[in-house]
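Before any comments, here is the structure.
There are 2 protein chains.
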Amino acid sequence: MSKKPIELTEAEWRIIKAVWAGEPCTAPGIQSVLEGETGWTYSTVRTLMDRMVVKGLLAAKKLGKMTTYRAVATPRQAQRGELMYALKNAFNGALTPMVECLLNTRDLTSDELDKIELLIQTKKRDVNKTPGRG
Amino acid sequence: MSKKPIELTEAEWRIIKAVWAGEPCTAPGIQSVLEGETGWTYSTVRTLMDRMVVKGLLAAKKLGKMTTYRAVATPRQAQRGELMYALKNAFNGALTPMVECLLNTRDLTSDELDKIELLIQTKKRDVNKTPGRG
DNA sequence: CACGATAATCTACATACGTAGAGAATGGCA
DNA sequence: TGCCATTCTCTACGTATGTAGATTATCGTG
Chain A
75 MSKKPIELTE AEWRIIKAVW AGEPCTAPGI QSVLEGETGW TYSTVRTLMD
125 RMVVKGLLAA KKLGKMTTYR AVATPRQAQR GELMYALKNA FNGALTPMVE
175 CLLNTRDLTS DELDKIELLI QTKKRDVNKT PGRG
Chain B
75 MSKKPIELTE AEWRIIKAVW AGEPCTAPGI QSVLEGETGW TYSTVRTLMD
125 RMVVKGLLAA KKLGKMTTYR AVATPRQAQR GELMYALKNA FNGALTPMVE
175 CLLNTRDLTS DELDKIELLI QTKKRDVNKT PGRG
């Protein structure tokens, strides 16, 4: 039942983010949105989108002469998939080292640190409420 | 000068982790280590390793009939690269949401939470010492 | 020195990915 | 109704990736 983790290439990320931003949408629409940053032609965008449909990342529906697309994968799922990939491969599933590496990745503002600390605190409260997993 | 971020495929991750674990090493050695989990033949392992040399991930040196390999990419670099990929594509560079998603990825033990909280606290102290960026 | 075990080299092939052109279809407007 | 613009469909091609077989070279041993 549980869908296996999603993995997206950079090109696919660009596409799906544009789709999320304006669902439902058309290939020409996405192309014009991405044209500036990528320089992709209509053909390129269309090919990518159709391949993503095959992969189950997007869904397409034909309306008259146009095809509209919407995302099947949610931002959460996609983000999760990316994280799982890194977690599994780069950190052998160990979450704390991954967080640590992330925190060292760049200088954090004290604002960011505060936010993250708050997240931890909230989590802690949850852990105490919800009986722990094994 | 600054090396551009490293990205590894799953196969490459397996290889490089085995290499890190026993540098310097040989292809037959890595193959026998990975045989159980992957079923890869010598040819497969060898091809992967040589391609990784071309990419600058590993370095090879010939000693008599054997070729020994060592990693060029460090674990830090490789992990960093993976993280950057996710950060850039899945989170548009926003670190806090990434940490948040990570924390929601699975139930954390209160031990893990403590460790992470400690990391934050340490960071906070650093921020106060080191003059902030911008 | 000849042979067998081990390692190496070369070649191959299917699938995925990035990128796109050429030509067909279709719908709206003059 | 015919033409033009818009969109679609098909095909293509180079590189990357996963996977590996066939053949050759080499080192140590008898």
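Each protein sequence line maps, in turn, to chains A and B.
The first sequence: position 102 = 176 (the working numbering), numbered continuously.
The second sequence: position 86 = 160 (the working numbering), numbered continuously.
Cβ atoms here follow ideal geometry from the backbone N, Cα and C, with glycine treated the same way.
As the structure is a prediction and not an experimental result, all values here were calculated from the model.
- Where residue 141 of chain B is concerned, the enclosing beta strand (DSSP E) starts and stops at 140 to 145.
- Contact residues of the segment 153 to 173 of chain A toward chain B are 153, 154, 155, 156, 157, 158, 159, 160, 161, 162, 163, 164, 165, 166, 169, 170, 171, 172, 173 (C-beta to C-beta distance below 9 Å).
- At least one CB of chain B lies nearer than 8 Å to the CB of residue 189 of chain A.
- Here DSSP, grouped into helix, strand and coil, assigns residue 137 of chain B to strand.
- With a threshold of 8 Å between beta carbons, residue 176 of chain B makes contact with chain A.
- Contact between residue 143 of chain A and residue 93 of chain A holds, with the beta-carbon distance rounding to 6 Å and staying under 8 Å.
- Assigned with DSSP and collapsed to three states, residue 157 of chain A falls in helix.
- Rounded to the nearest whole angstrom, the C-alpha separation of residue 128 of chain B and residue 154 of chain B is 21 Å.
- Close to chain A, meaning a Cβ-Cβ distance shorter than 7 Å, are the following residues of the segment 85 to 107 of chain B: 87.
- Beta-bridge partners assigned by DSSP to residue 175 of chain A: none are found.
- Straight across, the Cα-Cα distance linking residue 132 of chain A with residue 115 of chain A is about 19 Å.
- Residue-level contact check: residue 111 of chain B does not touch chain A, since none of the beta carbons of chain A fall below 8 Å from its beta carbon.
- The three-state secondary structure of residue 132 of chain B, taken from DSSP, is strand.
- Chain A has no Cβ within less than 8 Å of the Cβ of residue 80 of chain B.
- Contacts between residue 122 of chain B and chain A, judged by CB atoms closer than 7 Å, are missing: the closest CB pair is about 14 Å apart.
- At a beta-carbon threshold of 9 Å, the residues of chain B lying near residue 179 of chain A are 154, 157, 158, 161, 169, ordered along the chain.
- DSSP places residue 148 of chain A in the coil class of the three-state scheme, outside both helix and strand.
- For the set A:103, A:85, A:191, the Cα lying nearest the Cα of residue 171 of chain B is the one of A:191.
- Neighbourhood of residue 132 of chain B in chain A, by CB distance below 8 Å: empty, with the nearest CB roughly 17 Å away.
- Note on residue 140 of chain A: under 16 other CB atoms within 10 angstroms of its CB, so exposed under the neighbour-count rule.
- Proximity of chain B to residue 137 of chain A at the Cβ level (cut-off 8 Å) is not reached, the minimal Cβ distance being about 30 Å.
- Residue 96 of chain B and residue 78 of chain A have their C-alpha atoms roughly 32 Å apart.
- Under DSSP, residue 100 of chain A takes part in a beta bridge, and its partners are A:142.
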